[in-house]
């Protein structure tokens with residue numbers, strides 16, 4: 004069966020520091036991969052979408068970037084974090100009409 | 047701008063009551079999903095509806111997809127405290143991109 008791993012679970016970073024969040028999927032090949040951000044108790048905002056290695060689509064302009072160096076690995080990065088980057092970040096995978104999520108990373112920028 | 051609007055935003059009811067959550071859009075979706083999310087965790091998929099007018103039942107939960115594939119509803123019969131959580135709808139379009147509603151926070155009191 005397919006599983007998705009996302010780490011770390013929580014992260015506290017100072018303003019101006021770099022960021023790297025990693026997500027890996029097991030048990031499937033060539034999935035679509037997604038990064039979402041969620042404000043407290045609210046809906047999810049699609050940040051990045053990838054259909055294959057090196058193929059990244061950005062949904063909203065922002066201080067973040069994404070990369071897909073391997074088929075089942077998706078990385079969310081920033082060179083310099085802003086206070087407004089704080090939030091709950093979720094990685095997801097899909098092969099069609101359903102998306103499946105990781106456990107999320109709570110990022111607090113201080 | 048949110049593609050999908052959910053209502054109500056908050057709902058607090060007594061155990062045994064019925065409730066309906068609505069998910070509306072002016073956009074057409076290829077499919078629509080409903081998720082439930084616990085605090086600090088990723089959303090968990092409840093159901094996917096694909097055909098306009100489709101109705102799916104999952105124990106005490108009934109999901110309906112609008113005829114025009116622009117809206118959906120989730121009805122819970124005889125709510126229980128275990129139903130408490132954040133309910134999210136998501137519409138799929140643009141080749142497997144998932145756009146989420148703003149969420150409905152449900153609290154079922156014993």
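Protein chains in written order, with our numbering: chain S, 4 to 113; chain P, 47 to 156. Each residue gets a CB set at the ideal place from its N, CA and C atoms; glycine is no exception. In this text, all values refer to a predicted model and were calculated from it rather than measured experimentally.
| Query | Result |
| --- | --- |
| Chain S contacts from the segment 144-155 of chain P (Cβ-Cβ distance under 8 Å) | 144, 145, 146, 147, 148, 149 and 151 |
| N- and C-terminal bounds of the beta strand (DSSP E) containing residue 137/P | 131-139 |
| Three-pair Cβ contact test at 8 Å for the segment 70-88 of chain P versus the segment 109-122 of chain P | yes |
| Simplified DSSP state of residue 88/P, which is helix, strand or coil | coil |
| Whole-angstrom C-beta distance between residue 12/S and residue 106/S, which should lie under 8 Å | 7 Å |
| Spatial distance of residue 101/S from residue 4/S (CA atoms) | 15 Å |
| Span of the beta strand (DSSP E) around residue 90/S | 90-97 |
| Residue 142/P: contacting residues in chain S (beta-carbon distance under 7 Å) | 35, 97 and 99 |
| 8 Å contact criterion, which residue 160/P and residue 83/P should meet: CB distance rounded | Here chain P covers residues 47 to 156 and nothing more, so residue 160/P does not appear. |
| Positions along the segment 82-107 of chain P whose CB lies within less than 9 Å of some CB in chain S | 83, 85, 86, 87, 88, 89, 90, 91, 94 and 96 |
| Residues bridged to residue 108/S (per DSSP) | 92/S |
| Helix, strand or coil at residue 149/P according to DSSP, with G and I counted as helix | coil |
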